[in-house]
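The opening residue of the sequence shown carries number 535 in the working numbering; numbering runs sequentially from there.
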Amino acid sequence: MNKNSSNMMALAPNTSNKRETVCIFGTGDFGRALGHKMIQSGYPVVYGSRSTQISNLIPKDAEVLGHAEAAQKAAIIIIAIQRQHYNFLIPLAEVLRGKVLVDISNNLKLNQYPESNAEHLAQLLPGSKVVKAFNTVSAWALQSGTLDASRQVFVCGDDVEAKQMVMNIVRALGLTPLDKGSLLAAQEIENYPLQLFPMWKFPIFLSLGLTAFFFLYCVVLDIIYTYIYEKNDFSFFIAITIPNRVCPVMALILLALVYLPGIFAAIIQLYRGTKYRRFPDWLDKWMLCRKQLGLIALGFASLHVVFTLVTPMRAFASWRTGKGIISQVLNNKTEPLDHTNAWLSDSYLALGILGFFLFVLLGITSLPSVSNNVNWREFRFVQSKLGYLALILCTAHTLVYGGKWFLSPSAYKWYLPNIYILSLIVPCAVLVVKFVLILPCVDKPLTQIRQGWERNPKYSK
Ligand code: NAP
């Protein structure tokens, strides 16, 4: 078959059910895994290899030929070879002319080369149509069939038809192609598998740091202080009591931190009198990880619920209840029901339950499968209006629970405030400033600025 006819064959729409032959250069881990999957999906596969000897690792229905000979058999060639060996393709430039070359390569470091591997391949072989695809799928996942991590295959390339052909193969393999545009997107796609939860780093480090701080704070005030001044060993508080103090505090602070950058953004826009100037980098980054902060906050709130539910089962709780009853029996005196206390405890529980309900609602609407089914206004309503309501309810829950202690001198062991007082600083600040921002005299200019009005147009340049 002459090489031009093979190109024509591939670029013409496939009207029969028969799949067209795909060539894979390289019989390494990825080449074999992809070949195996393609054969399963009905594609005839021919390998281009330095050695034409058939090893039993190679899928049994595949052919193995020299590179030039294999390339002539297909219009799509998957380059399952590391970038540093791409120079061997230069002498094959004529055979590869007009063919679709699929670059699947990854690097060992982020932005390892000035240009992406796919762009490098396109520079080496300007007569071929390079498409980037498959690099985010692992050989192991393809081989074992457990494509649990992600079924999405990012595809990019400058030739629309070539990209379409590759996307058809991706679909035929049971994967989901995601068109990322031209070959310029290849660098980003190549960096993708090297990233480890990039949006989660700041929220996780912040949460770990704050959790460690509050945990130690509680150990000092609840265990060490009590041991020194009251000679009581409450070291077992480390297991449930202290985590159940730290978790709600963390949930409340992190929820407030979800809304704090929006407050900063509004203040900056009001101060500048324009929305056309970029926010500082730290604020941009903070805004981008609000969802992650919110989900971690939800995790802490859920732990708080579980810890609270097991509290009555604890030996310490039964001992304390028993002690109260025995002291009433010994003194032959029944304590009357303290109605104020009953109101307070029922109110803070109700506020906590409602706050947690809204918290869960916020978490659910942040799931892509749910957020894809609501429009922008509905999403904003849940995340902003209901989110603020959740913050108000959770702040009120803490205030009602701890309010009576805040003014008592016993709450200031070693002159340090109780952890609940600390937990209220950020949420109260956010709520107070938000209240000011929604006052009509502030809200009106802010809304105008957000609609494009500028107080001082020089900032827009
Ligand atoms: P590999 O196991 O090292 O295989 C690479 C193949 O390249 C070799 O088997 C060899 O095939 C060929 N080769 C090696 N040196 C060569 C040279 N000097 N000239 C020509 N061909 C040469 O690597 P791999 O894991 O299959 O990865 C291949 C590509 O897929 C890499 O770019 C990688 O980044 C990408 N990738 C891999 C995975 C994965 O999970 N492994 C996932 C996504 C992307 P022959 O002996 O048949 O010539």
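All residues carry an ideal CB built from backbone N, CA and C; glycine is no exception.
Bear in mind that the values here come from a model prediction, so they are computed numbers and not experimental data.
By the neighbour-count criterion, in which a residue is buried when 16 or more other Cβ atoms sit within 10 angstroms of its Cβ, Trp820 is buried. Here Pro961 is buried: its Cβ has 16 or more other Cβ atoms, across all protein chains shown, within 10 Å.
Here the stretch 637 to 647 makes contact with the stretch 713 to 724; the two share three or more CB pairs at distances below 8 Å. Under the 8 Å Cβ criterion, the stretch 682 to 700 does not count as touching the stretch 742 to 761, having fewer than three qualifying pairs. The shortest CA-to-CA distance from Gly565 to any of Ser583, Gly889 and Thr932 is the one to Ser583.
The residues Pro961, in chain order, have a CB closer than 6 Å to that of Thr929 in the same chain once the five nearest residues on each side in sequence are set aside. Of the heavy atoms belonging to the ligand NAP, at least one sits nearer than 7 Å to the Cβ of Ile638.
When only Cα atoms are considered, Ile638 and Ala720 end up about 10 Å apart. Distance from the C-beta of His570 to the nearest heavy atom of the ligand NAP is not below 7 Å.
Contact between the stretch 800 to 815 and the stretch 897 to 908 is absent, with fewer than three C-beta pairs closer than 8 Å. Bounds of the alpha helix (DSSP H) holding Gln826 are Arg824 to Val844.
In terms of CA proximity to Ile887, Leu927 leads the group Leu941, Glu764, Leu927 and Asn766. Taking all protein chains shown into account, Met572 has 16 or more neighbouring C-beta atoms within 10 Å of its C-beta and is therefore buried. Thr561 sits buried, since 16 or more C-beta atoms from the chains shown fall within 10 Å of its C-beta. Between the alpha carbons of Val689 and Glu597 lies a distance of about 27 Å. If you check the CB distance, Pro737 and Leu832 do not come in under 8 Å. Remark: the C-beta of Phe768 is outside contact range of the ligand NAP, defined as less than 7 Å to any heavy atom. In the three-state scheme derived from DSSP, where H, G and I count as helix and E and B as strand, Thr899 is classed as helix.
Excluding the 5 residues flanking it on each side, Asp767 has same chain C-beta neighbours closer than 7 Å at Tyr761, in chain order. The DSSP-derived three-state label of Pro660 is coil. For Lys666, the three-state secondary structure derived from DSSP is strand. Taking C-beta separations shorter than 6 Å and ignoring five residues to either side along the sequence, the partners of Ile983 in its chain run Gln803 and Lys809, following chain order. Separation of Lys857 and Pro846 (C-alpha to C-alpha, rounded to the nearest whole angstrom) is 15 Å.
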